[in-house]
Amino acid sequence: MLRKSIRLNMNEVPYLPPQEVIEAARRSLAKLNRYADPEDLGRLRALLAGYSGVLEEHVVLGPGSDILLREVVHAFSQGRKIIVVSPSFFPTVQAAKQFATKLVSIRLSPPQFDLDINLLMDQLKEPCLVIVDNPNNPTGKILLERQAVEAMIENTGVLLVVDEAYYEFSGVTFADMVHDHPNLAVTRTMDKAFSLAGARIGYIIAGEAFGDAFSSFYAFLPQPSLYAAIEALNHPHYVRTNVQRVVEERERVWRTLNELAARVWQSSTNFLLVKTEIPEIAERLSDIGVLVQDLSNQLPSGFVRVSIGTGEENDAFIAGYVKIRETYLENL
Amino acid sequence: MKNTVGLIVNPVAGMGGSVGLKGTDGEIYKKALELGARPVTPRRTKECLSRIESKGDITLFVAPGKMGEEHVKAFDMPFTVIGEVGEETRARDTKRIAAEMVDRGIELLIFVGGDGTARDIYDAIGLRIPVVAVPSGVKVFSSVFALSARAAAKMVDAFVEGTDVTEEEVLDIDEEAFREDRLASRLYGYLLVPNVRSFLQPGKAASNVNVSSVESKKEIAAYIVEEMDQETLYLLGPGTTLKAIAGAMEVPKTLLGIDAVCGGELVGRDLNEKGILGLLERYRKRNIIVTPIGGNGFIFGRGSKQFTPEVIERVGRENIVVVGTRDKLSKLDCLRVDTGDFELDELLCGYIEVTVGNKEGMMVEVRC
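Here it is in structure tokens:
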């Protein structure tokens, strides 16, 4: 029988959502011949606005935050320079490369991976769309502080989108600034801390300057996703539990890898950036059934991104890593 | 299907490592033997050959004895031995057999060795056919090498399946300096290798963005040429990206030298410092266009010594254009300079925009 791989490559949260959430999705299957009820879409929007502490009019729903980011890039690339950081959430870079008339990536240099805010500010002398994932994927690092965001959006020629896919883990958000700053938007997802990756619910909290782009953007979300999301927001306490469990495991894995002579970066997310001297570590782990994300298309060789799984999954990853390392050192 | 493959193993490559020597160039390998070093290439060769899935499709030519023949006997693969060698093998054996294999029609050459072997292969075959370089040396700094023997096997399979090829650098590492813990390197040349990024990146994220490096260079070249000013002197540094720029202008370009163009015409070829300074006297507007060396990121100080501190100072930092593929930049921590003039190096440090595509730049840190 084929063994199922342990997926530590997609930044999913390994725990199921509460039974009520699953039941809500299941119940919706009885109406699968129908599109989602617009009133219920409105309910989700209102719940997300309440959860985020913003006015409902600022919230736009979408089938995944990557789709919303792509929509933003598509709508605002004409006549604007697009600025992204590198490495970054890959679908954003992909969309920018596809639609940009001028694209500037700001490289985050190892080992610090800091974003040089002065350099970024220097780039804002013409109309720009700036997209920064905060925390950054794949470094897990917080790149933007409130002061830097304020400085950027003072310039009305700048549209700033902050991707807060991992907000629940970092606790850092600029969503509250959207009301007063029309040129700021924040994208979020229920894929991660809400344990709803399979539902694909994303949302953007957008300032007025982004309004036109989404005036005709009306997402009919799949019914199971919609009702799971509504139910999840009616029981948000489990998100805190999820985050706490993931963070505890993350710190345990971080300590263990440090002891194993791998370079591991502190993270504000549900994944860790790891650098090892063992060539093709992602492939070697895959051979023993543990999937991690190889980053050789974005960073120098040796970097992988490891999502935090259950304790058992993380133990399997660590045991696999130890075994591979021993074999590698023996053959040196 | 391309399936005629040659194999050359440098039997002494890597022997110095275990006994604390930093290479086996020249006669040093004898010292390694005296110190009890054992050959390391057999295991690397075996690991590579055993993992090639397309073995059944390959027609194999091998060097004699321990330079190839001995290693393939363990596998169920028909092969033809090319050339003869004595008990002690030399660099000239590698060069002679590699050239003969290419003349016999091989489409891919697998070689097992280190930087010294890569230079010998480059001397013998240049860019005539692609290679798969199995790392086995003490010094493996050239980006032409696969990450490991198993990666090399995948590169062979990819080539047989028809993947495209890309150029990677061969570096000349000064072994004497290396023994003194100094890394002194220069760009020696380029070899073609199968472009296997897609094999090394299995995740969903990068699945459909693997534009080949050849295409990326063409895109960069087209953009740079489109932006060129007719009255400006452009000093083109070494490298295949710069060669692509010259190609887009339909002017010849030395691969490792510095050439100059203005108004779409070649105005200087394989220039030394004196030649460059002479041109700078004649042209008021001038730019230097360079690309980083893969693997170490040097834009000045390695591979382009003709760009002396005086030349760079006279052109000015603001007139330095850096070009490079995203693929190459992704493998670098940063860009580097080592002109020999520390004050100038400091001035060159900081962020610089690298042109990575059509109207696409990347701000990358320069360190010294």
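Quick mapping for you: the protein sequence lines, in order, are chains D and G.
Residues in the first sequence are numbered consecutively from 5, following my numbering.
Residues in the second sequence are numbered consecutively from 1355, following my numbering.
Cβ coordinates follow ideal geometry from the N, Cα and C atoms, glycine included.
Given the structure is predicted, the values throughout are model-derived calculations rather than measurements.
Whole angstroms are fine: how far does the CA of residue j sit from the CA of residue i?
i: Leu1590 (chain G); j: Ser1658 (chain G); result: 10 Å
i: Leu51 (chain D); j: Ser113 (chain D); result: 39 Å
i: Arg38 (chain D); j: Tyr231 (chain D); result: 13 Å
i: Lys196 (chain D); j: Glu16 (chain D); result: 6 Å
i: Arg1671 (chain G); j: Leu1634 (chain G); result: 15 Å
i: Leu1541 (chain G); j: Ala1602 (chain G); result: 23 Å
i: Val1710 (chain G); j: Pro240 (chain D); result: 44 Å
i: Asn318 (chain D); j: Val247 (chain D); result: 16 Å
i: Pro228 (chain D); j: Leu65 (chain D); result: 15 Å
i: Leu1361 (chain G); j: Leu1414 (chain G); result: 7 Å
i: Pro42 (chain D); j: Glu235 (chain D); result: 16 Å
i: Ala79 (chain D); j: Val326 (chain D); result: 48 Å
i: Val1563 (chain G); j: Phe94 (chain D); result: Summary for Val1563 (chain G): the model assigns pLDDT 38, below 50, so the residue's position carries little reliability, and this model does not support an answer.
i: Ile1578 (chain G); j: Arg1473 (chain G); result: 31 Å
i: Cys1722 (chain G); j: Ile1574 (chain G); result: 26 Å
i: Pro1556 (chain G); j: Asp298 (chain D); result: Unreliable placement is indicated for Pro1556 (chain G), whose pLDDT of 28 sits below 50; the coordinate value is still reported in the next sentence. One C-alpha to the other measures close to 7 Å.
i: Asn13 (chain D); j: Leu261 (chain D); result: 17 Å
i: Glu316 (chain D); j: Ile10 (chain D); result: 10 Å
i: Arg1482 (chain G); j: Val1456 (chain G); result: 8 Å
i: Pro1592 (chain G); j: Asp70 (chain D); result: 40 Å
i: Thr1358 (chain G); j: Ile1666 (chain G); result: 47 Å
i: Gly206 (chain D); j: Leu72 (chain D); result: 7 Å
i: Val1615 (chain G); j: Arg1638 (chain G); result: 14 Å
i: Asp1535 (chain G); j: Ile146 (chain D); result: Confidence in Asp1535 (chain G) is poor, its pLDDT being 46 and thus under 50, which makes the residue's placement unreliable; the coordinate value appears in the next sentence. Using only the alpha carbons, I get a separation of about 37 Å.
i: Arg1636 (chain G); j: Val1675 (chain G); result: 20 Å
i: Lys1571 (chain G); j: Thr1645 (chain G); result: 11 Å
i: Arg49 (chain D); j: Val243 (chain D); result: 18 Å
Is it true that the CB of residue j sits closer than 8 Å to the CB of residue i?
i: Leu133 (chain D); j: Ser81 (chain D); result: yes
i: Ser1490 (chain G); j: Pro283 (chain D); result: no
i: Phe1465 (chain G); j: Val1435 (chain G); result: no
i: Gly175 (chain D); j: Trp269 (chain D); result: no
i: Thr1595 (chain G); j: Val1677 (chain G); result: yes
i: Ser1567 (chain G); j: Thr1608 (chain G); result: no
i: Ser1408 (chain G); j: Val1514 (chain G); result: yes
i: Ala169 (chain D); j: Arg192 (chain D); result: yes
i: Lys1685 (chain G); j: Ser109 (chain D); result: no
i: Arg1640 (chain G); j: Val1669 (chain G); result: yes
i: Val1363 (chain G); j: Gly1437 (chain G); result: no
i: Val58 (chain D); j: Ala189 (chain D); result: no
i: Gly1651 (chain G); j: Cys1688 (chain G); result: yes
i: Phe173 (chain D); j: Pro21 (chain D); result: no
Under 7 Å Cβ-Cβ, which residues of chain G neighbour residue i?
i: Glu168 (chain D); result: Those do not exist, as Glu168 (chain D) stays about 19 Å from chain G at its closest Cβ, beyond 7 Å.
Comparing C-alpha positions only, which one of the options sits nearest to residue i?
i: Pro139 (chain D); options: D:Gly161, D:Ala99, D:Val89; result: D:Val89
i: Val153 (chain D); options: D:Ala169, D:Glu172, D:Asn122, D:Glu263; result: D:Asn122
i: Ala1600 (chain G); options: G:Glu1522, G:Gly1715, G:Ala1576, G:Val1494; result: G:Ala1576
i: Leu1631 (chain G); options: G:Pro1606, G:Leu1587, G:Leu1620; result: G:Leu1587
i: Phe321 (chain D); options: D:Gln302, D:Val294, D:Asn301; result: D:Val294
i: Arg1397 (chain G); options: G:Asn1712, G:Tyr1705, G:Pro1365; result: G:Pro1365
i: Asn335 (chain D); options: G:Val1665, G:Arg1668, G:Thr1395, G:Ile1406; result: G:Thr1395
i: Val1494 (chain G); options: G:Glu1585, G:Gly1470, G:Met1431; result: G:Gly1470
i: Leu36 (chain D); options: D:Lys8, D:Pro226, D:Arg256; result: D:Pro226
i: Tyr1544 (chain G); options: G:Ala1505, G:Met1509, G:Phe1499; result: G:Phe1499
i: Ala265 (chain D); options: D:Thr280, D:Ser272, D:Thr273, D:Arg254; result: D:Thr280
i: Ala29 (chain D); options: D:Gly202, D:Ala179, D:Val165; result: D:Gly202
i: Met1717 (chain G); options: D:Arg204, D:Glu263, D:Pro21, D:Asp126; result: D:Asp126
i: Ala217 (chain D); options: D:Ser56, D:Arg74, D:Arg49; result: D:Arg74
i: Gly1419 (chain G); options: G:Asp1411, G:Thr1448, G:Lys1508, G:Ile1406; result: G:Thr1448
i: Asn1673 (chain G); options: G:Asp1583, G:Met1431, G:Ala1598; result: G:Asp1583
i: Thr96 (chain D); options: D:Arg309, D:Pro131, D:Leu124, D:Pro142; result: D:Pro142
i: Ala1505 (chain G); options: G:Gly1516, G:Asn1549, G:Tyr1476, G:Asp1526; result: G:Asn1549
i: His183 (chain D); options: D:Gly161, D:Leu200, D:Ile157, D:Asp167; result: D:Ile157
Name the chain D residues that come within less than 7 Å of residue i, Cβ to Cβ?
i: Asp1687 (chain G); result: Ser113, Pro114, Pro304
i: Ser1684 (chain G); result: Asn301, Gln302, Leu303
Could you name the residues of chain D that residue i contacts, counting a contact when the two beta carbons are closer than 8 Å?
i: Lys1713 (chain G); result: Ala104, Thr105, Lys106, Leu107
i: Asp1716 (chain G); result: The residue you asked about is not Asp; residue 1716 (chain G) is Met in the sequence shown. Those within 8 Å of Met1716 (chain G) in chain D are Ser90, Val108, Ser109, Ile110, Arg111.
i: Tyr1544 (chain G); result: Residues of chain D passing the Cβ test: none, with the nearest at roughly 20 Å.
Quick one: does residue i have its CB under 8 Å from some CB of chain C?
i: Val1720 (chain G); result: As a matter of chain content, chain C is missing from the structure shown, whose protein chains are D and G.
Note down, in chain order, every chain D residue with its Cβ under 9 Å from the Cβ of residue i.
i: Ala1505 (chain G); result: Pro283, Glu284, Glu287
Along chain G, in chain order, which residues have C-beta atoms closer than 8 Å to that of residue i?
i: Leu45 (chain D); result: Result: empty, since nearest Cβ-Cβ is about 28 Å, beyond 8 Å.
With a threshold of 7 Å, establish whether the CB of residue i neighbours any heavy atom of the ligand ZN.
i: Gly1591 (chain G); result: This structure lacks the ligand ZN; in fact it carries no ligand of any kind.
Unbroken alpha helix (DSSP H) runs of length 4 or more, entirely within the region 204 to 246 of chain D: which are they?
-> Within the region 204 to 246 of chain D, the complete alpha helix (DSSP H) runs of at least 4 residues are 215 to 218, 227 to 238.
In the region 1427 to 1481 of chain G, which residue ranges form an unbroken alpha helix (DSSP H) of at least 4 residues, counting only runs that do not cross its ends?
-> Listed in chain order, the complete alpha helix (DSSP H) runs (minimum 4 residues) inside the region 1427 to 1481 of chain G are 1445 to 1457, 1469 to 1479.
Any chance you could list the beta strand (DSSP E) runs of at least 3 consecutive residues sitting entirely within the region 1583 to 1659 of chain G, in chain order?
-> Uninterrupted beta strand (DSSP E) stretches at least 3 residues long and entirely within the region 1583 to 1659 of chain G occur at 1587 to 1590, 1613 to 1616, 1619 to 1622, 1640 to 1644, 1652 to 1654, given in chain order.
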